[in-house]
Amino acid sequence: MNASRHGPDSQVVKQAISWALRLRHNRANVRLHAQCEHWREAHVDHELAWQRVQALQQELNSRLTAIPGAHAALESSAQGLDRRQALKVLSGIVLVGSA
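At the far end of the sequence shown sits residue 1301, using the working numbering, and the numbering has no gaps.
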């Protein structure tokens, strides 16, 4: 998992997305936060992928707030996705965004 000039590989990005999703739905779980922190510290690519996923989330959230009702509609439709489907969607967004 060496960082190339293009950043972490897709598997590491998927792991970062998985952590983000798990933490989003388990905000109060201190143990889960500690495990994520440990994963991030384990390799420079992990932290880089994490930062990219967080930046993308912030960008999407800021754009959604500019569109009335968009955030609520997205949250509603996202509830119907299972974790695997959400990973696929977010992986595609992150990989395209980092290209």
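Ideal Cβ placement from N, Cα and C applies to all residues, glycine included. A quick note: this is a predicted structure, and the numbers were derived from the prediction, not measured.
CB N1231 to CB L1223, shorter than 9 Å? No.
Just to confirm my understanding: we take A1251, look at its own chain, exclude 5 residues before and 5 after, and list those with CB closer than 6 Å. What are they? P1210, V1214, V1215 and A1218, listed in sequence order.
Excluding sequence positions up to five away, which residues of its chain have a Cβ less than 7 Å from the Cβ of A1205? Because A1205 sits at a pLDDT of 48, beneath the cut-off of 50, its placement in the model cannot be relied upon, and the point is left open.
Length of the line joining the Cα atoms of L1266 and H1227: Distance from the CA atom of L1266 to the CA atom of H1227, rounded to whole angstroms, is 20 Å.
At what residues does the alpha helix (DSSP H) containing D1211 begin and finish? No alpha helix (DSSP H) holds D1211; DSSP gives it neither H nor E.
To the nearest angstrom, how far is the alpha carbon of R1254 from that of E1261? Spanning the two alpha carbons is a distance of roughly 10 Å.
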